[in-house]
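There are 2 protein chains.
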Amino acid sequence: MDELVDQLRAILGHGGVLDAAGDIAPYGTDWRGLFDHRPRAVVRPADTAGVAAAVRLCAASGVAIVPQGGNTSMVGGAVPGTAGSQIVLSLARMNAIRTIDRSGLTLEIEAGVTLRAAQLAAEAAGAFLPLSISAEGSAQIGGVISTNAGGNNTLRFGNTRDLVLGLEVVLPDGRIWNGLRRLRKDNTGYALRHLFAGAEGTLGIITAAVLRLAPMPRSRIACFCGLPSIGAVLDLYRRLRDEDEAALYAFEYISGTALDLALRHLPGARLPLERAAAHYVLVELATTRRAGDLGATLETVLGEALDAGSLDDAAIANSEAQRLAFWSLREHMADAQKRAGASIKNDVSVPVAAVPALLARAADMLAQHYPGARMAAFGHIGDGNIHLNVIQPEGADPARFEAQGDELMERVNTIIADLGGSFSAEHGIGLLKRHAFATWRGEVERDVMLRIKAAIDPAAIMNPGKIFEP
Amino acid sequence: MDELVDQLRAILGHGGVLDAAGDIAPYGTDWRGLFDHRPRAVVRPADTAGVAAAVRLCAASGVAIVPQGGNTSMVGGAVPGTAGSQIVLSLARMNAIRTIDRSGLTLEIEAGVTLRAAQLAAEAAGAFLPLSISAEGSAQIGGVISTNAGGNNTLRFGNTRDLVLGLEVVLPDGRIWNGLRRLRKDNTGYALRHLFAGAEGTLGIITAAVLRLAPMPRSRIACFCGLPSIGAVLDLYRRLRDEDEAALYAFEYISGTALDLALRHLPGARLPLERAAAHYVLVELATTRRAGDLGATLETVLGEALDAGSLDDAAIANSEAQRLAFWSLREHMADAQKRAGASIKNDVSVPVAAVPALLARAADMLAQHYPGARMAAFGHIGDGNIHLNVIQPEGADPARFEAQGDELMERVNTIIADLGGSFSAEHGIGLLKRHAFATWRGEVERDVMLRIKAAIDPAAIMNPGKIFEP
């Protein structure tokens, strides 16, 4: 008998609490298969008051709470610790679309709404939620905000935090902060919404949010390009950006190695170009203009890049099906790499002009220390964000390769630090990158963060062990 | 003899410390003439190490520090308290442009660079700093960030905080936080830059920043419109936004009353339209596209608004001189109102769809309680941000009218709160709006902010008395 669980059940009802081993197991594992930690129980409140009541009960007993949305973290941000003593609080039942203001372009939703459902709700109202990530079918808004997810449209619309106008948060003592404002301008004290966004659930539980929407684009055009060098990739990026930064919704990089893996391992995948190239880019332009002649813009810039020797070849999607096929290739990079063997993932960023240096130094480092390992780089190069994934040498032992993961990541992070970059561009810290956080973020910065953590969660019950090493 | 001042002079040199009554007086008054408080002394460090050393000395003696940039606060945010015991720390000598990365579109500058100088530095490198406020000739970047200034381009590029990629901050204990990263994506712990941006110097002193730039627009077009109703103003806004949100750089509102005051009181001012209207709007479209046919976009949308009865008349600027004349009218609103007598200023925001309700309710309230008072509303209506200024009745006693300021502002704020708005959209709290902050921001929100303040500035020496009432 677990008295706390009984008390939680008394508040939340039978369906609001799970504690059978089989029921709770999925909440303790992450989709990457990196962690398998058993929660003490799982609570699933149906509303903000239920979240607050559950938090108050846990706080009274000093029991740690792990907020969990779609559990799609890349870094173990939503699984409990190892001790079996932590309560997972799932937001999945709080999935109401509260209000859409088409005139003011705002959307108020609860934390458990999936990103895909939020996109569709906006679309149904004739508006556009400019936020797209691979996990959008499962990822829930509370987690998307708590991890400040990035994705494909960051280039044009910023990270998730840039779309958050207001938040409702249950604090670690169970009080509710109602900050659900929907204002573009509000200079009344500290920007608390920016503190909770990206805090990975360590300062409180986001229960609802107001997001900023954009008008729906009237036309889109996608283009798949082959390029001779990484310098040419940046040259094309700058040409497109300087010509029409407003229309540049995505500029996604795929290295030759990464594309080859996709062609080998993804059923039905084929190169959209006639000849292979050393580097590839997927460009998407979009506009709300009725007279938005995106094709002309694209042809002008591609023509100039071709003349300058910065472009080998380009295919413009001539149908929605082809546009989606381009994106499918990009979105299935991780799958393809999984089938190619064990991989060590680095989600890093540098100033965009430093991307060539990053790739060159990383290649040298790999050749020296991990001969045969394949660098399958891809990502949101317009943001300087590269998924610098390293695949095991063909035929090597996966487990032995994986065992080198921490060492390899530290070597990458050393290069990153030297280039003024970040060791975690969009995936956050979670459990996986705590050591890198302690190593690569200075003492002053960590001290300020720890003071904030202690000020807002003095009992340290809110997602403890994430971001900061215990 | 003042021992602390002697110690500061030993560190900063003779030119780095002012303490003669005549020298320090300007640092204790604000440009609106609301406050005249004498500082104990003024320190003017030339570099970050100097700021840190001065802060350490003051911290050791428990002496309060008031960071000051261009001293253009609308709310007394940069003047010392009344006791004559506080040290003003001026950033004016830290005015170096450190680096511009044209490729990555970032600008690293010191806190004392004026906004105008920063705009020009970006321009010289062929880039655009999309931040513009009336005080840009004097306002310094440190203050602009510390107050999260808004302005004319917020509609398209966000508030100041949205342009801040990195910060360098001297903390209240004199330690230096070097957060001068220039990354678009960096999810490594709490968003400290967003905490210091808008904190009004109460958590530390911003000494340098990395700002995000945009490509330089290739063409601009401005248009002055007369409209029959406030509903029509919003209708035109939505039409332009939905047609080409990316090109809509500014959408500024001027009420008929505000424009009449400008025509009466500004030498040489004239209405750019043939007939007077009830409401006016200044629209600016811009684009980086070479083939950016902004005129066609504008004519299409204006034609549709005319057909729908949402527009009386419009004049498109046919020269750069005329474009600047439109803007001059808009920028001199405050001057015109000053000449019309005493005024009580409200810088408020509501969801954009609620602007008509705000103006109607405010007019009713004024008619009931302040008969004859003139509501001269203008502002950044696309952001829902209205400068709802109230001018004394003609012939009334200015001092008697001004004495009603607090009461009138509270009546406005009651309407604002009811509409889900903010009592300070872009001006912040400073000394002037502390009471409104205590009244209109909930207890939970204030408590979280006070915990953060205590965690980062436990001795309460950093700009004490701002935001929070003592």
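As given, the protein sequences belong to chains A and B, one line each in that order.
Counting from 1, position 86 in the first sequence corresponds to residue 86 in full-length UniProt numbering; the numbering is continuous, with no gaps.
Counting from 1, position 80 in the second sequence corresponds to residue 80 in full-length UniProt numbering; the numbering is continuous, with no gaps.
For each residue, glycine too, the CB sits at the ideal point set by N, CA and C.
Since the structure is predicted, the reported quantities are computational estimates derived from the model, not experimental observations.
In three-state DSSP terms, what is B:Thr257? If DSSP states are grouped into helix, strand and coil, B:Thr257 belongs with the helices.
If you measure between the beta carbons of A:Ala118 and A:Glu168, is that distance less than 8 Å? no
Out of B:Ala314, B:Gly382, B:Gly341, point me to the one whose CA is closest to B:Ala399's CA. B:Gly341
Quick check on DSSP: helix, strand or coil for B:Tyr249? In the structure shown, B:Tyr249 sits in a strand (DSSP, three-state: E or B).
Whole-Å CB distance - B:Gly50 paired with B:Leu12, under 8 Å assumed: So it is a contact: roughly 6 Å between Cβ atoms.
Under 8 Å, Cβ to Cβ, is there at least one residue of chain B near A:Phe423? The Cβ of A:Phe423 sits closer than 8 Å to at least one Cβ of chain B.
Per-residue contacts from A:Val51 into chain B (C-beta, under 7 Å): Result: empty, since nearest Cβ-Cβ is about 15 Å, beyond 7 Å.
With a threshold of 16 other CB atoms inside 10 Å of the CB of A:Gln368, please say whether the residue is buried or exposed. exposed
How would you call B:Asp418, buried or exposed, if buried means at least 16 neighbouring beta carbons within 10 angstroms? By the neighbour-count rule (16 or more Cβ atoms within 10 Å), B:Asp418 is not buried but exposed.
Only counting runs of 3 or more residues, tell me where the beta strand (DSSP E) segments fall wholly within the stretch 147 to 207 of chain A, in order along the chain. 164 to 170, 176 to 179
What whole-angstrom Cβ distance do B:Arg116 and B:Glu136 have, given they're in contact under 8 Å? 5 Å
May I ask you to report which of helix, strand or coil DSSP gives A:Gln86? coil
Considering B:Gly382, what are the terminal residues of the beta strand (DSSP E) in which it resides? Looking at the DSSP string, B:Gly382 is not in any beta strand (DSSP E), and its letter there is neither H nor E.
Hey, does A:Gly70 have any beta-carbon neighbour from chain B nearer than 8 Å? no
B:Glu3 (DSSP reduced to helix, strand or coil): helix
When the cut-off is 8 Å and only beta carbons count, does A:Met375 lie next to chain C? In the displayed structure, chain C is absent; the protein chains listed are A and B.
Short Cβ contact (8 Å threshold) for A:Pro351 with B:Thr106: yes
Taking the continuous alpha helix (DSSP H) assigned at B:Thr48, which residues delimit it? If you look at B:Thr48, you'll find it in the alpha helix (DSSP H) that goes 48 to 61.
Closer than 8 Å by C-beta to B:Pro371: which residues in its own chain qualify, once you throw out the five before and the five after it? Chain order, please. So the qualifying residues of the chain are Pro393.
A:Pro215 by DSSP, collapsed to three states: which one? In the structure shown, A:Pro215 sits in a strand (DSSP, three-state: E or B).
Find the residues of chain A that neighbour B:Asp101, judging by a C-beta separation of less than 7 Å, and give them in chain order. Pro351, Ala353
Reference A:Trp31; option with closest CA among A:Gly15, A:Val79, A:Ser219, A:Ala438: A:Val79
CB contact flag (B:Leu266, B:Ala315, <8 Å): no
Chain-order list of residues whose beta-carbon lies under 6 Å from that of A:Val301 (same chain, five-residue window excluded): Arg239, Leu240, Glu243
Can you round the beta-carbon distance between A:Ala92 and A:Arg38 to whole angstroms, since I take them to be within the 8 Å contact cut? Not really, about 19 Å apart at Cβ, beyond 8 Å.
Mind checking if B:Lys185 is an interface residue toward chain A, Cβ cutoff 8 Å exclusive? yes
Comparing the C-beta of B:Met449 with each C-beta of chain A, is any distance below 8 Å? Yes, because at least one Cβ of chain A sits closer than 8 Å to the Cβ of B:Met449.
Rounded to whole angstroms, what is the Cα-Cα separation between B:Trp440 and B:Asp2? 41 Å
B:Tyr237 - containing beta strand (DSSP E), residue span: Unbroken run through B:Tyr237 is the alpha helix (DSSP H), 230 to 244; no beta strand (DSSP E).
Establish whether the CB of B:Ala296 and some CB of chain A are separated by less than 8 Å. yes
Who are the Cβ neighbours of B:Arg323 in its own chain at under 6 Å, not counting the five residues just before and after it? Ala222, Ala317
Assuming A:Val233 contacts A:Val281 under a Cβ cut-off of 8 Å, what Cβ separation, rounded to an integer in Å, is found between them? 6 Å
In chain order, which alpha helix (DSSP H) runs of at least 4 residues are fully inside the stretch 361 to 440 of chain B? Runs of the alpha helix (DSSP H) spanning 4 or more residues and lying entirely within the stretch 361 to 440 of chain B occur at 398 to 402, 405 to 418, 434 to 440, in chain order.
What are the residues of the stretch 132 to 154 of chain B that lie near chain A, defined by any Cβ-Cβ distance shorter than 7 Å? Hits within the stretch, in order: Thr147, Asn148, Gly150, Thr154.
N-terminal and C-terminal residue of the beta strand (DSSP E) that B:Thr287 is part of: Membership of B:Thr287 in the beta strand (DSSP E) is indicated by the continuous run 279 to 287.
Name the residue from A:Ala199, A:Ala59, A:Val210, A:Ala83 whose alpha carbon lies nearest to the alpha carbon of A:Ala96. Looking at A:Ala199, A:Ala59, A:Val210, A:Ala83, the one whose alpha-carbon comes closest to that of A:Ala96 is A:Val210.
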